[in-house]
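Order-wise, the sequence lines are chains A and B.
Heads up: the first sequence is residues 43 to 156, going by the numbering used here.
Heads up: the second sequence is residues 134 to 323, going by the numbering used here.
First the structure, in the form of structure tokens, and then the observations on it.
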Amino acid sequence: MDHGTWMTQLRKGALDAAVLGVLARERRLYGLALLDRLNAAGLGVTEGALYPLLARLEKAEVLAASWVMEDGASHPRKYYTLTPAGIGLLAQMRPSWDAFSAQVTDLMKERSQS
Amino acid sequence: MTAMKAYLGDLKEALEVLPEGEREPAFREVEAHLHEVLAQHGEEAVATALDGFGPAQLYVASLAEAHELSRSYASRRLGHMLFTVFVFAARSATLTLAATVAFVLAITAIGLAGVAVADIIAPQATGLFTGDGRVVYGVASGADAPVEHLGRWIILISAIGSALSFWAAFKVVQAGVSMRLSTLNRRLAP
């Protein structure tokens, strides 16, 4: 496995948490805006990865979605928001992520020092 | 715009494998995204977005199979498993063949189980009959019925035969679905 493959897997694994985190900050976003926010953070997410994930999170009732037709728009937008279950899941994810990343950082430091 | 139209056409076709209620929302979402990209970032960005979605069939596969269908299959619920098999069979020659073989084996199993039950109800008329150029395994009656040769073994043979047929049918379908899932997972791997 090369560095690129490892990074892709890492991003893929963390994408659920990143989506929940962005939606917690922005309250509600449509697909393209969400994709732009994730990619602005350097996650390198594609449409083919994001939309199936959104569908899965919506089915799991972690996200809620609604179509909104805005003034002057030619097409409706599907807006995503966190549900109470999503807010709860994110609250559980944060300390787990902190602990996990700290542990991995420690392990990597020990290896580089030995 | 031509590429976008062509992609949406491919997508509509690929979405046929999804349950009816899921096709339209999935299509609308991609369509809305592409129009949004066009309006906000221009035509060049649409090409990038189409690359991002990947081939329509693979996108639909990741939408349906990677999450719902593999989970449905893993649930071991008969209805979910059959749904998975039918969806896969629509696009996999291997699984179409496997499902056909399994169907034939299942019918055989049901037939053999029926013979075993018939032997309990009407033992004199049930068995393996030969004679007059005919071979009958099952129920035979009437004055022209051939001579019985295998009356008392029929329950045992039918029970073993139906059990083996069911087991083989299950294994054939399981192998077909597993092959399809692992192919899909390989295609979806980064």
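Ideal Cβ positions, reconstructed from N, Cα and C, are used throughout, including at glycine.
L57/A and A144/A have their C-alpha atoms spaced approximately 19 Å apart. Remark: C-beta atoms of A239/B and F160/B do not approach each other more closely than 9 Å.
Counting the other Cβ atoms within 10 Å of the Cβ of D140/A gives fewer than 16, which makes it exposed. In the structure shown, R69/A falls within a coil segment according to DSSP collapsed to helix, strand and coil.
Between the segment 120 to 128 of chain A and the segment 77 to 86 of chain A, the count of C-beta pairs closer than 8 Å stays below three; the two stretches do not touch. Rounded to whole angstroms, the separation of the alpha carbons of R69/A and F303/B is 48 Å. Within chain B, H168, A172 have C-beta atoms less than 9 Å from the C-beta of S116/A, given in sequence order. Each residue's CA atom was taken as its position, placing G142/B and L151/B some 15 Å apart.
Residues of chain A with a Cβ closer than 7 Å to the Cβ of G187/B are, in chain order, G90.
Secondary structure note for S195/B: its alpha helix (DSSP H) is the uninterrupted segment 189 to 197.
The alpha-carbon separation between E153/B and K151/A amounts to approximately 52 Å. Contact check for V280/B against G266/B fails: the beta carbons are separated by 9 Å or more. Chain-order list of chain B residues neighbouring R119/A: A165, E169, by C-beta distance under 8 Å. Taking a Cβ-Cβ cut-off of 8 Å, the neighbours of G73/A in chain B comprise E162, A165, H166, E169, given in sequence order.
The beta carbon of A251/B sits closer than 8 Å to the beta carbons of A258, T259, G271, V272 from its chain, once the five residues preceding and following it are set aside; these are given in chain order.
A97/A has a beta carbon lying within less than 9 Å of a beta carbon in chain B.
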